[in-house]
């Protein structure tokens, strides 16, 4: 568990990172660096998006799966690293301020 904490600290320390949320396979937050209302909002909406993206990829190719999802808006960038739901591994979401990204 110390390795997970160290990884979260390292990611959170990156420029522009607003927060990190780790959810279980059902989309329930199990670890977060954000306030409760923001965590619940992101976790619920992103879980639905991940499930739809995963379903779309599998519809196109049943042998394929979603490995990473990156969404960029004018204000934020959300990076999602979903794991295999069959094994009940958690999903990590990082919310980053887009204006802090290099090259903007």
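In this note's numbering, the protein residues as written are 12 to 115.
Positions of the beta carbon are idealized from the N, C-alpha and C atoms, including for glycine.
Beta-bridge pairing of residue i - partner residues as DSSP gives them
i	result
residue 32	43 and 104
residue 87	108
residue 92	103
residue 81	90
Exposure label - residue i; buried when at least 16 CB within 10 Å
i	result
residue 13	exposed
residue 17	exposed
residue 43	buried
residue 37	exposed
residue 71	exposed
residue 41	exposed
Boundaries of the alpha helix (DSSP H) in which residue i is found, first to last residue
i	result
residue 19	13-23
For the pair the segment 50-65 and the segment 76-86, tell me if three or more CB-CB distances fall below 8 Å. yes
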